[in-house]
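2 protein chains.
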Amino acid sequence: MTRSILAPRRFDRDAYISQINSGLALRTEIESILDKIFEKEVRDIYFVGIGGTLASAMQAETYIQSRCALNVFALSAAVFNCGGKQKAGKGDLFIYSSVSGTTKEMVEMTAKAKEKGITLLAFVDTPDTPLANSADYCVCSPKNEQLKFFMICNYLLKRNGLFPDYDRYNAQMEEYLAKGLADISESFEEQAKAYAHQKCAWLKQHPEMPHYFVAAGTQYGAAVSHGMCYWEEQLWIRTRVVHSAEFFHGLLEVIDENTPVTLFIEEGNERPLSLRVKAFLEKINSNHLFLDSADYPLPGIDEKYRPSVTHLIFRALNDRIDAWLEYDLDHSLDIRRYYRQFNY
Amino acid sequence: MTRSILAPRRFDRDAYISQINSGLALRTEIESILDKIFEKEVRDIYFVGIGGTLASAMQAETYIQSRCALNVFALSAAVFNCGGKQKAGKGDLFIYSSVSGTTKEMVEMTAKAKEKGITLLAFVDTPDTPLANSADYCVCSPKNEQLKFFMICNYLLKRNGLFPDYDRYNAQMEEYLAKGLADISESFEEQAKAYAHQKCAWLKQHPEMPHYFVAAGTQYGAAVSHGMCYWEEQLWIRTRVVHSAEFFHGLLEVIDENTPVTLFIEEGNERPLSLRVKAFLEKINSNHLFLDSADYPLPGIDEKYRPSVTHLIFRALNDRIDAWLEYDLDHSLDIRRYYRQFNY
């Protein structure tokens, strides 16, 4: 059989470190845009998205709502377009991100939001696109969507007097985060390769079985994105993502010894919910992968800052698994059957 | 082979009509409790739940947020217990429902909420249980969880001057709703039987394939509940529930001609999102069931009131499918492998 993918995508340490650091380098630009926006009174703040960008918005919402009482919410662009979330209106701030700058639902959302007098702050990877051009403020810089959202959240906390050691935090991130994550990627390579080989063999026996991803806290949104944008959309593997707390109300009944599960155990306030799933799975299941961010050191970064970046640890791990799955399944992550292939 | 279920559960028209009407009859009790609660200033209102009751809370949130700007939100009890949603606190009202009155996460939630000075309004099916006894206000009456939540929402709208024809609405519901839904159940019986037979045969060929449920608006929460509490928990059938808008961002790539999908098309403001899924599935899939609430008349009830009760139409339809699936699969809806079978 002729392979279409001749070699696995290798981890490019320099490119990765440069990517993370270029995201972190946006901080002063983000701060000055937010300072400008907050010269006028801002009512509520919405991270608006659809699909993967909604999953990122969910992460931002969970992050900030577990730290303060600010009115910061996630919002589906499609629901807003249909007249849902009537609360969102004049004086609010919408923050959103787009790689293409052309996503249909998002373009419609910006038009409706402008009519309502909502301020628009966009992060668009591709300049001179509808989403870049329609925003009141736009940061044009590729990749790092979650990182950008978390930087906004951190500065919102700081502006509200809720992040007294903001400077220490950023100094550590800017010095140590990229290298630490790159080291984690590299240290995980052999495990990722072995896991992908085994999963690929298993999938050949069980092509219809969904893979269950379980997570809590900010990692829940990240898991939604991983299941939907990476495995379903890019790898064409069936998935079912569930919040660790919801796992115990329904889903658990279809888990038996052989059901494939990945549990992400993060370090934020919802960690106990995932530890409960871990204890349960250890009793009844033997086809699981437990990924605990606490197992992956980030030298130079204080313990208490880690919950803000555990989603990046998991992304680093998952990216290596996905690179090997792409190779083992010989299925390019870039093929789409339907998405943007015709009008629907 | 000996069957354990000797006959399908038949639709009991009288019991059903009596159940719906006993729910509707709670209206004056609910109104007077809310009047009493609102004698003091109430800040934000949360429908709090876990599992199926969180799915009901999501329906209430979507219903009210698409009609007004009131601060009404859904909240996971487990997330609240872990220190998420810090915004929820003194002066807020928590509304929740429980069949058993003993759900672990909910009992913990009420203790934490009391400490914070949050007012508790409970709907508990079983009197003299921890959740019934700990609430500031408790309505003890079995079943009709969603109906109770929607009645609260309607009265909140009315109290805020947003439901001018509240009396006409309730007069129609109280005269026509139960009978109309019962007629719908009966009219669907043969289709439910045929669909369940076919699905059961299909499941024998594809025991690992998840069934995809797609819905928008208030029906999304109802579909989450249906996939999780009815199919996964009670029938042990794998499911994956997705919002109609999110369907187009990831999931669509794993849908082919034979993938089993049920699409619920409701009549509220998000209907266009589900019609888009319908058009897409008609092109690429031939193993779907489209259930459109608009196909099921409710004589005596104004067109414009129907979106508030379409979830009950779908529940009536699904209940008949489930009754036949239980029989065809010979799998009692009451068996649990794990849930409440041991400590976890």
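In order, the protein sequences belong to chains G and B. Numbering-wise (this note's numbering), the first sequence opens with residue -14 and increments by one. Numbering-wise (this note's numbering), the second sequence opens with residue -14 and increments by one. The beta-carbon is built from N, C-alpha and C at its ideal position, and this holds for glycine as well. Source: prediction; values computed, not measured.
Spatially closest choice to residue i from the options, by CA coordinates
{"i": "G:GLN219", "options": "G:ASP319, G:CYS185, G:GLU14, G:LYS97", "result": "G:ASP319"}
{"i": "G:PHE79", "options": "G:GLU90, G:MET94, G:GLY69, G:CYS67", "result": "G:MET94"}
{"i": "B:SER126", "options": "B:LEU142, B:ALA107, B:LYS189", "result": "B:ALA107"}
{"i": "B:ALA63", "options": "G:LEU266, G:ASN328, G:LEU258, G:GLU159", "result": "G:LEU258"}
{"i": "B:ILE49", "options": "B:GLU175, B:PHE135, B:ILE169", "result": "B:PHE135"}
{"i": "G:GLY69", "options": "B:PHE232, B:ALA54, B:ALA59, B:PRO195", "result": "B:ALA54"}
{"i": "B:LEU147", "options": "B:ASN66, B:ARG52, B:ALA0", "result": "B:ARG52"}
{"i": "B:ALA(-8)", "options": "B:ASP315, B:GLY235, B:GLN326, B:ARG322", "result": "B:ASP315"}
{"i": "B:ALA201", "options": "B:ARG261, B:LEU188, B:GLU160, B:MET213", "result": "B:ARG261"}
{"i": "G:ALA120", "options": "G:GLN131, G:ILE103, G:LEU132", "result": "G:ILE103"}
{"i": "B:ARG(-5)", "options": "B:TYR205, B:ASN66, B:TRP309, B:GLU159", "result": "B:TRP309"}
{"i": "B:ASP304", "options": "B:TYR151, B:ALA207, B:CYS67", "result": "B:ALA207"}
{"i": "G:ASN118", "options": "G:SER85, G:LYS101, G:LYS133", "result": "G:SER85"}
{"i": "B:CYS67", "options": "G:GLU255, G:TYR31, G:ARG322", "result": "G:GLU255"}
{"i": "B:ASP(-3)", "options": "B:ALA163, B:ILE(-10), B:TYR151", "result": "B:ALA163"}
{"i": "G:LYS101", "options": "G:GLY76, G:ILE5, G:LEU283", "result": "G:GLY76"}
{"i": "G:PRO284", "options": "G:ASN6, G:GLY212, G:GLY8, G:MET158", "result": "G:MET158"}
{"i": "B:HIS211", "options": "G:HIS296, G:GLY165, G:GLY235", "result": "G:GLY235"}
{"i": "B:ARG322", "options": "G:GLN4, G:TYR281, G:LYS289, G:LYS268", "result": "G:LYS268"}
{"i": "G:LYS289", "options": "G:TYR151, G:THR87, G:SER7, G:ALA186", "result": "G:TYR151"}
{"i": "G:ASN6", "options": "G:ASN145, G:GLY165, G:SER17", "result": "G:GLY165"}
{"i": "B:SER172", "options": "B:SER17, B:ILE298, B:VAL209", "result": "B:ILE298"}
{"i": "G:VAL124", "options": "G:LEU9, G:ALA264, G:TYR281", "result": "G:LEU9"}
{"i": "B:ASP168", "options": "B:ALA186, B:TYR281, B:VAL199", "result": "B:TYR281"}
Residue i: CB within 7 Å of a non-hydrogen atom of the ligand FMN
{"i": "G:ASP121", "result": "Only the bare structure without any ligand can be found here, which leaves the ligand FMN out of the picture."}
Alpha-carbon to alpha-carbon, residue j and residue i
{"i": "G:GLU346", "j": "B:ILE2", "result": "Nothing can be reported for residue 346 of chain G: it is not among the residues displayed for chain G, which extend from -14 to 329."}
{"i": "G:GLY37", "j": "G:VAL92", "result": "16 Å"}
{"i": "B:GLY34", "j": "B:SER61", "result": "5 Å"}
{"i": "B:GLN190", "j": "G:GLU193", "result": "11 Å"}
{"i": "B:THR203", "j": "B:LEU39", "result": "13 Å"}
{"i": "G:GLU217", "j": "G:ALA177", "result": "19 Å"}
{"i": "G:LYS89", "j": "B:LYS89", "result": "43 Å"}
{"i": "G:ARG153", "j": "G:ASP29", "result": "28 Å"}
{"i": "G:VAL294", "j": "G:ARG12", "result": "16 Å"}
{"i": "G:HIS273", "j": "G:ARG(-12)", "result": "29 Å"}
{"i": "B:LYS21", "j": "B:LYS143", "result": "15 Å"}
{"i": "G:GLU242", "j": "B:HIS182", "result": "28 Å"}
{"i": "G:GLY74", "j": "G:LYS99", "result": "9 Å"}
{"i": "B:GLN240", "j": "B:ASN270", "result": "Checking the sequence, you will find Ile at residue 240 of chain B rather than Gln. Whole-angstrom Cα-Cα distance: 7 Å."}
{"i": "G:TYR312", "j": "G:GLU252", "result": "31 Å"}
{"i": "G:TYR391", "j": "G:PRO149", "result": "Because residue 391 of chain G is not part of the residues shown, which for chain G are -14 to 329, the question remains open."}
{"i": "G:ASP307", "j": "G:ALA301", "result": "10 Å"}
{"i": "B:CYS331", "j": "G:ILE137", "result": "As shown, chain B starts at -14 and ends at 329. That puts residue 331 of chain B outside it, with no answer to give."}
{"i": "G:SER170", "j": "B:GLU175", "result": "56 Å"}
{"i": "B:PHE232", "j": "B:VAL226", "result": "9 Å"}
{"i": "B:ASN155", "j": "B:GLN44", "result": "20 Å"}
{"i": "G:GLU26", "j": "G:LYS72", "result": "17 Å"}
{"i": "G:LEU132", "j": "B:LYS97", "result": "32 Å"}
{"i": "B:THR224", "j": "G:PHE23", "result": "45 Å"}
{"i": "G:ILE(-10)", "j": "B:PRO115", "result": "59 Å"}
{"i": "G:ASN328", "j": "B:PRO195", "result": "27 Å"}
{"i": "B:ASN56", "j": "B:ILE222", "result": "37 Å"}
{"i": "G:PRO292", "j": "B:ILE250", "result": "40 Å"}
{"i": "B:LEU266", "j": "B:ALA230", "result": "14 Å"}
{"i": "G:HIS296", "j": "B:HIS296", "result": "36 Å"}
{"i": "B:TYR205", "j": "G:PHE65", "result": "15 Å"}
Bridge-paired residues (DSSP) for residue i
{"i": "G:ILE286", "result": "Paired residues: none, contrary to the question."}
{"i": "B:ARG225", "result": "B:TYR197"}
{"i": "B:ILE30", "result": "B:VAL57, B:LEU78"}
Integer Cβ distance of residue i from residue j, believed to fall under 8 Å
{"i": "B:TYR140", "j": "B:LEU19", "result": "6 Å"}
{"i": "B:GLU238", "j": "G:TYR324", "result": "6 Å"}
{"i": "G:THR244", "j": "G:LEU276", "result": "That pair is no contact at about 17 Å."}
{"i": "G:LYS128", "j": "G:ASP110", "result": "7 Å"}
{"i": "B:ILE15", "j": "B:TYR161", "result": "With 8 Å as the limit, B:ILE15 and B:TYR161 do not qualify as a contact, their Cβ atoms being about 20 Å apart."}
{"i": "B:PHE58", "j": "B:TYR31", "result": "5 Å"}
Short CB-CB distance (under 8 Å) between residue i and chain D
{"i": "G:LYS70", "result": "No chain D is part of this structure, whose protein chains are labelled G and B."}
Quick one: complete beta strand (DSSP E) runs, 3+ long, within the stretch 35 to 114 of chain G? Counting only runs of 3 or more, we get 57 to 61, 78 to 83, 104 to 109.
What beta strand (DSSP E) runs, 3 residues minimum, are completely inside the stretch 109 to 190 of chain B? If we require 3 residues or more, the beta strand (DSSP E) runs fully inside the stretch 109 to 190 of chain B come out as 122 to 125.
Along the chain, which unbroken stretches of the alpha helix (DSSP H) at least 4 residues long are found entirely within the stretch 208 to 282 of chain G? Segments of the alpha helix (DSSP H) lying fully in the stretch 208 to 282 of chain G: 256 to 269.
Write down every uninterrupted run of the alpha helix (DSSP H) in the stretch 288 to 316 of chain G whose length is 4 residues or greater and which is fully enclosed by it, in chain order. Counting whole runs of 4 or more residues, the stretch 288 to 316 of chain G contains the alpha helix (DSSP H) stretches 295 to 314.
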